[in-house]
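Right, one structure below, let's go through it.
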Amino acid sequence: LPWIGLKELDYWLGISDICLAPFLKNPQHESGVANKIYDYMLGGRPVVASDCRPQKNIIEYYSCGLVYGNREEMKKCIVTLLGDAGLRKDMGERGRKAILEDLNISKVRHNLLDCYRELLSE
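My numbering numbers the first residue of the sequence shown as 567 and each following residue consecutively.
What follows is the structure, given as structure tokens:
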């Protein structure tokens, strides 16, 4: 698929059973979580992602997808999820819940402001 706008994202998530994030290991992908991971989670879809550390940590912590280290593992992750609608549903729901309850701007904003307040009080 070509790059799509945010207006089209809901449509594509709606027709997807699994979302892929096949990042190559490099300094950029090892330094933070890609936005598409959060988009997939908010869309309630399980994520299959390469084992770049930030993505791996989020996916494993929230049990919202599967992580692979090579092509064969990627294939196994996809086959596993395609064969288990219940697992896809559970992982998708856990990802969506994580975004709504933990990984949203309201929560992050309060944590950041608390951190600044603490630094300023010292």
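Ideal placement from N, C-alpha and C gives every residue a C-beta, glycine not left out.
- A Cβ-Cβ distance of about 15 angstroms is found for the pair Glu659 and Gly580, leaving them out of contact under the 8 angstroms criterion.
- For Ala615, the enclosing beta strand (DSSP E) begins and ends at Val613 to Ser616.
- Residue environment analysis places Val599 among the buried positions, since at least 16 neighbouring C-beta atoms fall within 10 angstroms of its C-beta.
- Counting the other Cβ atoms within 10 Å of the Cβ of Cys618 gives 16 or more, which makes it buried.
- The alpha-carbon of Asn670 is positioned some 10 angstroms away from that of Leu608.
- For Ala651, the enclosing alpha helix (DSSP H) stretches over residues Ala651 to Glu667.
- In the three-state reduction of the DSSP assignment, Cys585 falls in the strand class, which pools E and B.
- Non-local C-beta neighbours of Ile603 in its own chain, meaning closer than 8 angstroms and more than five positions away in sequence, comprise Ala587, Val613, Ala615, Gln621, Ile624 and Ile625, ordered along the chain.
- Boundaries for Leu579: no beta strand (DSSP E) harbours it, while the alpha helix (DSSP H) harbouring it runs Leu572 to Gly580, taken from the DSSP string.
- Assignment of Leu632 by DSSP, reduced to helix, strand and coil, places it in the strand class.
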